[in-house]
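Chains A and B, in that order, give the protein sequences. Numbered by the working numbering, the letters in the first sequence go through residues 150 to 592 in order. Numbered by the working numbering, the letters in the second sequence go through residues 17 to 349 in order.
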Amino acid sequence: MMNSISRKLLVLFLASMLLVAAIATSVVTTFREQMRVQTELRGLMEIELSIDLIRSQLWVFLQYEDSSAFTQVHRAQKNFTNTLGRFSGSQKDLENIFRMNQSLSGLLEHEKNVVKSERGKVSDSSDLSRKARTLLHSRYNMLVQNMTEEIFFIHQNLLNRSTNVQQQHLFSTAALTLFIALNIALIAWRILSRFKADSSCLRIGIEKLASGNMNYQIKTDKMDNEFLKLAKFFNHMTDSLKESVVTREELEHQIIVKTAQLEAQKEKLQFLSEHDSLTGLQNRFAFEKSLSSAIVKADRSGLKLALLFIDLDKFKQVNDTKGHDAGDQVLVTVASRLKDSVRGSDIVARLGGDEFVVCLDLLDSFNSVPSKVENIIENIIKPIHFKDQSLEIGVSIGVSYYPLHAESPAALINSADQAMYRAKEHLGSSYFENTPHQDVQSS
Amino acid sequence: MVKSGKMVIISLLTLGGVAASWMLYTSRFVDPKLAKPIIIAVSQTPLSAPFLVANDKQLFQKYGVDVVLQSCMGGIACAQLLFEGQTDLATASESVVMFESFMHRDIRLITSFVESDNDLKLLALNSQDIHEIDDLREKRVGVVEGSASEFYFDSLLIAHNASDLNYTKIYMQPQDLLSALLSFKVDAISIWEPYGYKAMISSKSEINNLGLQGIYQLSFNLISIEKNIVQKEKELINLLLALQEAILWINSNPQESQALIAKSLDVPPNQLKWSWKDYLFRLSLGNVLLSNLQMQARWASEKGLVSGLTPDFRTVFYPLPLEQALNTRVQVK
Numbered sequence: 150m151m152n153s154i155s156r157k158l159l160v161l162f163l164a165s166m167l168l169v170a171a172i173a174t175s176v177v178t179t180f181r182e183q184m185r186v187q188t189e190l191r192g193l194m195e196i197e198l199s200i201d202l203i204r205s206q207l208w209v210f211l212q213y214e215d216s217s218a219f220t221q222v223h224r225a226q227k228n229f230t231n232t233l234g235r236f237s238g239s240q241k242d243l244e245n246i247f248r249m250n251q252s253l254s255g256l257l258e259h260e261k262n263v264v265k266s267e268r269g270k271v272s273d274s275s276d277l278s279r280k281a282r283t284l285l286h287s288r289y290n291m292l293v294q295n296m297t298e299e300i301f302f303i304h305q306n307l308l309n310r311s312t313n314v315q316q317q318h319l320f321s322t323a324a325l326t327l328f329i330a331l332n333i334a335l336i337a338w339r340i341l342s343r344f345k346a347d348s349s350c351l352r353i354g355i356e357k358l359a360s361g362n363m364n365y366q367i368k369t370d371k372m373d374n375e376f377l378k379l380a381k382f383f384n385h386m387t388d389s390l391k392e393s394v395v396t397r398e399e400l401e402h403q404i405i406v407k408t409a410q411l412e413a414q415k416e417k418l419q420f421l422s423e424h425d426s427l428t429g430l431q432n433r434f435a436f437e438k439s440l441s442s443a444i445v446k447a448d449r450s451g452l453k454l455a456l457l458f459i460d461l462d463k464f465k466q467v468n469d470t471k472g473h474d475a476g477d478q479v480l481v482t483v484a485s486r487l488k489d490s491v492r493g494s495d496i497v498a499r500l501g502g503d504e505f506v507v508c509l510d511l512l513d514s515f516n517s518v519p520s521k522v523e524n525i526i527e528n529i530i531k532p533i534h535f536k537d538q539s540l541e542i543g544v545s546i547g548v549s550y551y552p553l554h555a556e557s558p559a560a561l562i563n564s565a566d567q568a569m570y571r572a573k574e575h576l577g578s579s580y581f582e583n584t585p586h587q588d589v590q591s592s
Numbered sequence: 017m018v019k020s021g022k023m024v025i026i027s028l029l030t031l032g033g034v035a036a037s038w039m040l041y042t043s044r045f046v047d048p049k050l051a052k053p054i055i056i057a058v059s060q061t062p063l064s065a066p067f068l069v070a071n072d073k074q075l076f077q078k079y080g081v082d083v084v085l086q087s088c089m090g091g092i093a094c095a096q097l098l099f100e101g102q103t104d105l106a107t108a109s110e111s112v113v114m115f116e117s118f119m120h121r122d123i124r125l126i127t128s129f130v131e132s133d134n135d136l137k138l139l140a141l142n143s144q145d146i147h148e149i150d151d152l153r154e155k156r157v158g159v160v161e162g163s164a165s166e167f168y169f170d171s172l173l174i175a176h177n178a179s180d181l182n183y184t185k186i187y188m189q190p191q192d193l194l195s196a197l198l199s200f201k202v203d204a205i206s207i208w209e210p211y212g213y214k215a216m217i218s219s220k221s222e223i224n225n226l227g228l229q230g231i232y233q234l235s236f237n238l239i240s241i242e243k244n245i246v247q248k249e250k251e252l253i254n255l256l257l258a259l260q261e262a263i264l265w266i267n268s269n270p271q272e273s274q275a276l277i278a279k280s281l282d283v284p285p286n287q288l289k290w291s292w293k294d295y296l297f298r299l300s301l302g303n304v305l306l307s308n309l310q311m312q313a314r315w316a317s318e319k320g321l322v323s324g325l326t327p328d329f330r331t332v333f334y335p336l337p338l339e340q341a342l343n344t345r346v347q348v349k
């Protein structure tokens, strides 16, 4: 019903105004009641004073029993009638006083008449008239006394009524005020609790978002309208954020994929730049690099290495007579056989055409090299099968040693190259090592 | 939600507390220990209105007194029931109190609850050409012997300086006076209400009232005997509080009161209306009543209606309960 803080505050404001109105009304009513009672009391006091005047005149009259005193009583009674006249109609409580005054007036009038008629009578009737006077005077006293009692009664009634009215008024005002105040307290408490709950919901939402949780949604049921708008806006905002953040992830993923592709391409390019595309062996460029690092390694470890410069014999012939495919087959097979003939750590490369190099590194001595070279020659010269044909090739190998023959890679290669030419000079497959024997070995 | 429940409980407790204290406040007079009922002989006249109203409005219960009203016709009969021990209290006029106090020294006057200075009338038929007291010379006047009727007539004679008037006083029963007047057996009658009203409606001729308003004041009183009221002050106070509230109600609701009394006494509403304005309902026990009793006692002695010493009426008064009751504020709903 009141799902809005501003509405609740409005109700709170209205209730407070009602409370103010109730208190103001109560004050005004109490004031009016007091004024009314005061006016009535003042009236009663005036009447009491008039009655007192009659009483005092009556006392004088009973003391002296002369006509002047009687006149004073009569005057006091007339004065009382005038006083009462001012209150006629305004206070119905005074009806009995009016009536008593009427009786008193009638009796006084009666005495006046009796005294008048008495003047013409004989003196023996004076005893009778004294009796009449005594009776009348007793009645005057009784009437005045009665008036006093009646005024007291009215007075007491007035005070009782006023007290009752004020008490009832007090009770009803207290009950009303309590009721309104209780409602105000309830509404205020409700505003407070809802405000606390709603603001805490929002705060939690913002904290979650700040910590990166984009899936958190603020629950909007039972929320006040003001917070409801904010919460909906917040939820909408997190939704939008979540969408934009997902796109970035995807973007990152694509970048990773592309980078991987590029890396692969780069690796491929690097491989291509360093390897012979036909045999898969290192090319000259890569071999020179590898050789350099092998030399550095050998220097550091104090070990030795041997470089084999290999040139195929009769290759051109095969190429020319059997075709390029046969030539390629020869090159691929030789490469494969070379690789199979050496250790994994040894370097095998194709320098171009039918020229290969092998670097045997990490050697303690050169003693094992000749047998190794012979083993290589043996492997290479085995017939190569190509399309049901058996191709025959030979090989010339020049061997140079590091650090025996050269100190730089280029020089080492050059030395081996020269050794290879020396071996070429020899018919058939053979090798030549610069040192220690300086002899061409044929196999 | 729990908090809200707590608030509701606190609110309910507060309201409950207010209601409980209010109920406690309003019921502070109620005494749950009811003694055996107080039986009151109540004269079936409009003067007994405070008793009839208190009974009808259950005010005796409200103030915690168990009261049973017993009907009786006239103050003399009611006083009789009291002295016979059939009732604890009775209602009677001050004339009855005066006469009975000569015979029963233990009679006690608790309060006067109504007075009227116009209840007694000296009535004569206009057709008989009687307009004032002096016109009664050599006439017959019907009065009820030894009653307010005779006292009133004698007072009128004294006030008119006409005690030596030559007339014939004829004693009759109150119910016979009116027919005697209308059948010219007597020329005037001194009689109380409701006969004045009955005379007015049943006479073809105009009725003259030769009376003098204010010369006599009738009062109706609650009386008892000493042994009935000793150590019953609390009950009497509560009884008086109930009467006081009834009187306040009567004064603020004259129309409803008349309707209630007319129904209760089975009298025509007009008859009640006729004399209602003359009644002054008020609880009192003052010098006016004392003077009245003394005046009537002197008259009764002079007339030889009573024998023995005139009692000290101050001892007849039993003012304590009334003083207490008048000091207690009564709330009329």
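Virtual Cβ for every residue (Gly too), placed ideally from N, Cα, C. Note that the structure is predicted; figures quoted are calculated from it, not measured.
### Task
State yes or no: is the C-beta of L138 (chain B) within less than 9 Å of the C-beta of L198 (chain B)?
Position 122 of the second sequence, counted from the first residue, corresponds to residue 138 (chain B). Position 182 of the second sequence, counted from the first residue, corresponds to residue 198 (chain B). With respect to L198 (chain B), L138 (chain B) sits apart: the two C-beta atoms are not nearer than 9 Å.
### Query
Span of the beta strand (DSSP E) holding V497 (chain A)?
Looking up residue 497 (chain A) in the first sequence gives position 348. Note, V497 (chain A): beta strand (DSSP E), 496-501.
### Message
Please classify Y580 (chain A) as buried or exposed, where buried requires at least 16 neighbouring CB atoms within 10 angstroms.
### Response
As a working mapping, residue 580 (chain A) is identified with position 431 in the first sequence. It counts as buried.
### Query
Checking contacts by CB at 9 Å: is K319 (chain B) closer than that to chain A?
Residue 319 (chain B) sits at position 303 when you count from the first residue of the second sequence. Residue-level contact check: K319 (chain B) does not touch chain A, since none of the beta carbons of chain A fall below 9 Å from its beta carbon.
### Query
Can you give, in chain order, each stretch of the alpha helix (DSSP H) that sits fully within the region 186-223 of chain A and has at least 4 residues?
If we require 4 residues or more, the region 186-223 of chain A turns out to have no alpha helix (DSSP H) run fully inside it.
### Query
Can you name, in chain order, every residue of its own chain whose Cβ lies under 6 Å from the Cβ of I496 (chain A), other than the five neighbours on each side?
On the first sequence, position 347 is the one that residue 496 (chain A) refers to. Spatial neighbours of I496 (chain A) in its own chain (CB-CB distance under 6 Å, excluding positions within 5 residues in sequence) are listed in chain order as S439, C508.
### Task
Check the C-beta distance from V304 (chain B) over to Q317 (chain A) and give it rounded, since I have them as a contact under 8 Å.
Along the second sequence, one-based indexing puts residue 304 (chain B) at 288. Along the first sequence, one-based indexing puts residue 317 (chain A) at 168. Their Cβ separation, rounded to whole angstroms, is 34 Å, which puts V304 (chain B) and Q317 (chain A) out of contact at 8 Å.
### Query
Counting contacts by CB-CB distance shorter than 9 Å, is G255 (chain A) in contact with chain B?
Within the first sequence, numbered from 1, the residue matching residue 255 (chain A) stands at position 106. Yes, its Cβ sits closer than 9 Å to a Cβ of chain B.
### Query
Considering only the beta carbon of each residue, do K521 (chain A) and S545 (chain A) sit closer than 9 Å?
Walking along the first sequence from the start, residue 521 (chain A) turns up at place 372. Walking along the first sequence from the start, residue 545 (chain A) turns up at place 396. It is not a contact, given that the beta carbons lie outside the stated cut-off.
### Task
Let me know the alpha helix (DSSP H) ranges lying completely inside the region 76-151 of chain B, each 4 residues or longer, listed in chain order.
The region 76-151 of chain B is shown to contain whole alpha helix (DSSP H) runs of 4 or more residues at 90-99, 110-119, in chain order.
### Message
Taking CB distances under 9 Å as the criterion, tell me whether I205 (chain B) reaches chain A.
### Response
Along the second sequence, read from residue 1 onward, the residue named residue 205 (chain B) stands at position 189. No, its Cβ sits nowhere closer than 9 Å to a Cβ of chain A.
### Query
Under a three-way DSSP split, which group does F420 (chain A) fall into?
Residue mapping note: residue 420 (chain A) aligns to position 271 of the first sequence, counting from 1. Helix at F420 (chain A).
### Query
Since G547 (chain A) contacts R571 (chain A) with CB under 8 Å, what's their CB separation in whole angstroms?
Indexing the first sequence from 1 puts residue 547 (chain A) at position 398. Indexing the first sequence from 1 puts residue 571 (chain A) at position 422. The C-beta separation of G547 (chain A) from R571 (chain A) comes to about 7 Å, placing the pair in contact by the 8 Å criterion.
### Task
Would you check whether the ligand PLP has a heavy atom nearer than 8 Å to the C-beta of R235 (chain A)?
In the structure on display, the ligand PLP does not appear, and there are no ligands present to speak of.
### Task
Find out if the Cβ-Cβ distance for the pair H176 (chain B), N224 (chain B) is shorter than 9 Å.
Reading the second sequence from its first residue, position 160 is the one you call residue 176 (chain B). Reading the second sequence from its first residue, position 208 is the one you call residue 224 (chain B). Annotated as distal: H176 (chain B) and N224 (chain B), with beta-carbon spacing of 9 Å or more.
### Message
Out of B:S171, B:E154, B:V130, B:E166, which one is the CA nearest neighbour of R282 (chain A)?
### Response
What you label residue 282 (chain A) is simply residue 133 of the first sequence in a count that begins at 1. Measuring from the Cα of R282 (chain A), the nearest candidate turns out to be B:S171.
### Task
Counting only the same chain and skipping the five closest in sequence on each side, list residues whose C-beta sits under 6 Å from that of A435 (chain A).
Walking along the first sequence from the start, residue 435 (chain A) turns up at place 286. Within the same chain, A435 (chain A) has close Cβ partners E423.
### Query
What separation, rounded to the nearest whole angstrom, lies between the Cα atoms of A57 (chain B) and V157 (chain B)?
Looking up residue 57 (chain B) in the second sequence gives position 41. Looking up residue 157 (chain B) in the second sequence gives position 141. Distance between the alpha carbons of A57 (chain B) and V157 (chain B): 32 Å.
### Query
What residue range is occupied by the uninterrupted beta strand (DSSP E) comprising H534 (chain A)?
Mapped onto the first sequence, residue 534 (chain A) falls at position 385. Element bounds for H534 (chain A): 533-535.
### 9 Å Cβ cutoff, M311 (chain B) in contact with chain A
As a position in the second sequence, residue 311 (chain B) is number 295, starting the count at 1. True, the Cβ-Cβ gap to chain A drops below 9 Å.
### Message
In whole angstroms, give me the CA-to-CA distance for I530 (chain A) and G493 (chain A).
### Response
On the first sequence, position 381 is the one that residue 530 (chain A) refers to. On the first sequence, position 344 is the one that residue 493 (chain A) refers to. For I530 (chain A) and G493 (chain A), the distance between alpha carbons rounds to 22 Å.
### Task
Using a cut-off of 8 Å between C-beta atoms, extract the partners of L228 (chain B) located in chain A.
Residue mapping note: residue 228 (chain B) aligns to position 212 of the second sequence, counting from 1. Result: G255, L256, H259.
### Query
Which residues in the same chain as V222 (chain A) place their Cβ atom closer than 6 Å to its Cβ, once the five residues preceding and following it in sequence are excluded?
Working through the first sequence from its first residue, we reach residue 222 (chain A) at position 73. For V222 (chain A), where only same-chain residues beyond five positions count, the Cβ hits under 6 Å are Q206, L207, F210.
### Query
Which residues in the same chain as L292 (chain A) place their Cβ atom closer than 8 Å to its Cβ, once the five residues preceding and following it in sequence are excluded?
Taking the first residue of the first sequence as position 1, residue 292 (chain A) is located at position 143. Excluding residues within five positions, the ones whose Cβ falls inside 8 Å are M249, S252, L253, L256.
### Within-9 Å CB hit, D135 (chain B) to chain A
Within the second sequence, numbered from 1, the residue matching residue 135 (chain B) stands at position 119. Answer no: the Cβ-Cβ gap between D135 (chain B) and chain A never drops below 9 Å.
### Query
Which class does T376 (chain B) belong to by DSSP, given the choice of helix, strand or coil?
Only positions 17 to 349 of chain B appear in this structure, which leaves residue 376 (chain B) out of reach.
### Query
Using DSSP with H/G/I as helix, E/B as strand and the rest coil, what is K289 (chain B)?
As a first step, residue 289 (chain B) is located in the second sequence; it is residue number 273 there, counting from the start. Looking at K289 (chain B) - three-state DSSP - the assignment turns out to be helix.
### Message
Closer than 8 Å is the cut-off here; do at least three beta carbon pairs connect the region 149-164 of chain B with the region 254-266 of chain B?
### Response
No contact exists between the region 149-164 of chain B and the region 254-266 of chain B.
### Task
Run through the region 224-262 of chain A for me and flag every whole beta strand (DSSP E) of 3 or more residues, listed as ranges in chain order.
none
### Query
Comparing alpha-carbon positions, which option in B:L98, B:K73, B:Q287 lies nearest V112 (chain B)?
Here the question's residue 112 (chain B) lines up with position 96 in the second sequence. If we check each option's Cα against that of V112 (chain B), B:L98 comes out closest.
### Query
Along the chain, which unbroken stretches of the alpha helix (DSSP H) at least 4 residues long are found entirely within the region 155-229 of chain B?
164-175, 190-198, 211-218
### Query
With 16 other CB atoms within 10 Å as the buried threshold, where does R343 (chain A) fall?
Within the first sequence, numbered from 1, the residue matching residue 343 (chain A) stands at position 194. Burial is judged here by how many other beta carbons sit within 10 angstroms of a residue's own beta carbon; R343 (chain A) has at least 16 and is buried.
### Task
For A316 (chain B), I'd like the list of residues in its chain whose CB is within less than 6 Å of its CB, leaving aside the five on either flank, ordered along the chain.
Stepping through the second sequence from its first residue, residue 316 (chain B) is reached at position 300. Same-chain partners within the cutoff: V322.
### Query
With respect to the alpha helix (DSSP H) encompassing G476 (chain A), which residues constitute its N-terminal and C-terminal limits?
Working through the first sequence from its first residue, we reach residue 476 (chain A) at position 327. In the DSSP assignment, G476 (chain A) falls within the unbroken alpha helix (DSSP H) covering 473-490.
### Query
Just checking, does the region 268-277 of chain B make contact with the region 75-92 of chain B on the three C-beta pairs under 8 Å criterion?
Too few Cβ pairs lie closer than 8 Å, so no.
#### Entry: Three-state secondary structure assigned by DSSP to L576 (chain A)
Within the first sequence, numbered from 1, the residue matching residue 576 (chain A) stands at position 427. Here L576 (chain A) sits in coil by DSSP.
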